[in-house]
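Worksheet for the structure shown next.
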Amino acid sequence: MRTVRAREMWGYSALGRVSGCWRRGLGVSAAPKDSRFGTEARHQLQPRSSSKRLVPLGDQPFPGLLRPKNLSREELVDVLRAAVVDEKGPLVTLNKPQGLPVTGKPGELTLLSVLPELSQSLGVGERELQVVQAPGKETSGLVLLCSCPQTASHLQKFYIHSRRAQRPTATYCAVTDGIPATSEGKIQAPLKLEHIDGVNLVVPVKSPSRKDILEGVKRTSSHFRVVATGSGCALVQLQPLTVFPSQLQVHMVLQLCPVLGDHTYSARVGTVLGQRFLLPAESTKPSKQVLEEALLRRLRVSPSQAAQLPLHLHLHCLLLPGTRSRDTPMKLLAPLPPYFSRTLQCLGLLQQQSSLCS
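With full-length UniProt numbering applied, the sequence shown covers 1 to 358.
Shown next as structure tokens:
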């Protein structure tokens, strides 16, 4: 077990230790030399307090699902306190609920908007927490916060350098409607943001020109690996090598295997006589995901409940730089949400989740 004082870590005088495991609920371990995938999260998150807004396990088809629009600022701060996985020195890590936006318009309830109250509630000191890494609104999982600007800058440089070197630092777990044609591979696609019918959507671009690149088209890529399959679905590991809005969702649509609960991009996958094909992205409007009756029965949900199915995309593992440049990165792990685990159980994939980051 390795112990490193925070003063040695990035040179700041916050107390605490980094060892083989920070606390139950968040595993931190040395990453193997081949760090394409993380390690299994062995503990379930133990909330510090309960929230009446969180649905008890088993009472509804989507246990543990948060409805941020129904929360007050005080209630959201309580929920985020309960979601804190670990505090160490200037770093705070929490397991973000699905549906909570990180940023938004002025006046909207977001993670960023309640950081002052959360910082005060956690007693991190005079400096307010800032977001270092976080998944998008519809994605659950790890959020890395920091109260020290110098440490935050050091971490950001680590992530930027890793992307330039094509070294993945984040591992997501997803359940897909459909099974990828190959068990492992790399998805590459030029993407752009386009305003369609009043909504900003991510659209693939075929053979982009130099002008397209200058006007906002980005070449994106992600690793994927199929962990298990069942009932026409797959449990997939995804590792983005680039950063772009909704990148992983769009990449899986391009594989004709939309993420379960993707009510934005799944409509781009059409089916004729059991064969799937891509519909034109520019002319396909977002709509509620349509699932086959057999899959609805396996999930034990009605069509109306399926329209509320949360996105099954979870940021499960995040790398942290070592104390010195030559040190092996460490891993932060966050367990799956209860509704995600329930889906795996319904599909017969629960036993395979031990391979999520192997």
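Glycine residues also receive a C-beta, built at the ideal position from the N, C-alpha and C atoms.
Closest to residue i by C-alpha separation, out of the options, would be which residue?
{"i": "GLY185", "options": "ARG326, LEU91 and GLN239", "result": "GLN239"}
{"i": "ALA82", "options": "SER121, LEU155 and THR171", "result": "SER121"}
{"i": "GLY198", "options": "PRO335, LEU313 and PRO286", "result": "PRO286"}
{"i": "THR220", "options": "SER246, GLY230, ARG210 and PRO190", "result": "PRO190"}
{"i": "THR110", "options": "LEU76, GLU126, LEU296 and HIS314", "result": "LEU76"}
{"i": "SER162", "options": "LEU144, THR264, HIS251 and LEU318", "result": "LEU318"}
{"i": "VAL132", "options": "SER140, HIS154 and VAL84", "result": "HIS154"}
{"i": "GLU292", "options": "LEU278, THR284, ALA281 and ALA307", "result": "ALA307"}
{"i": "SER119", "options": "VAL84, GLN255, LEU71 and SER72", "result": "VAL84"}
{"i": "PRO329", "options": "VAL301, ALA281, HIS223 and PRO168", "result": "PRO168"}
With a CB to CB cut of under 7 Å and the five nearest residues on each side skipped, what residues in its chain are close to residue i?
{"i": "CYS257", "result": "THR176, ASP177, GLY178, ILE179, PRO180 and ALA234"}
{"i": "ALA152", "result": "GLN130, VAL132 and CYS146"}
Assign residue i to one of two classes, buried (16 or more other C-beta atoms within 10 Å of its C-beta) or exposed (fewer than that).
{"i": "THR343", "result": "buried"}
{"i": "LYS52", "result": "Only weak support exists for where LYS52 lies, its pLDDT of 38 falling under 50; the value from the coordinates is given anyway. Burial call: exposed."}
{"i": "PRO135", "result": "buried"}
{"i": "THR171", "result": "buried"}
{"i": "PRO61", "result": "buried"}
{"i": "GLY89", "result": "buried"}
In this structure, how does DSSP classify residue i when only helix, strand and coil are distinguished?
{"i": "CYS346", "result": "helix"}
{"i": "PHE62", "result": "coil"}
{"i": "GLN120", "result": "helix"}
{"i": "SER49", "result": "Interpretation of SER49 is limited by its pLDDT of 38, a score under 50 that renders its predicted location unreliable; the figure taken from the coordinates is listed afterwards. Note: SER49 maps to coil in three-state DSSP."}
{"i": "VAL84", "result": "strand"}
{"i": "HIS154", "result": "helix"}
{"i": "TYR172", "result": "strand"}
{"i": "VAL102", "result": "coil"}
{"i": "SER283", "result": "helix"}
{"i": "ALA334", "result": "coil"}
{"i": "LEU129", "result": "coil"}
Mind reading off the beta-carbon distance from residue i to residue j? Whole number of angstroms is fine, and I expect it under 8 Å.
{"i": "GLY261", "j": "PRO310", "result": "5 Å"}
{"i": "SER231", "j": "GLY348", "result": "7 Å"}
{"i": "LEU142", "j": "THR93", "result": "6 Å"}
{"i": "VAL114", "j": "ARG73", "result": "6 Å"}
Residues in its own chain within less than 8 Å of residue i by CB, not counting five upstream and five downstream?
{"i": "ASP327", "result": "PRO321"}
{"i": "LEU254", "result": "ILE187, ALA189, PRO204 and LEU278"}
{"i": "GLN156", "result": "VAL132"}
Once the 5 residues before and after residue i are set aside, which same chain residues still bring their CB inside 6 Å of it?
{"i": "LEU279", "result": "ARG268 and GLY270"}
{"i": "PHE158", "result": "PRO321"}
Taking Cβ positions only, does residue i come closer than 8 Å to chain D?
{"i": "LEU344", "result": "Of the chains in the structure shown, none is chain D; there is only one protein chain."}
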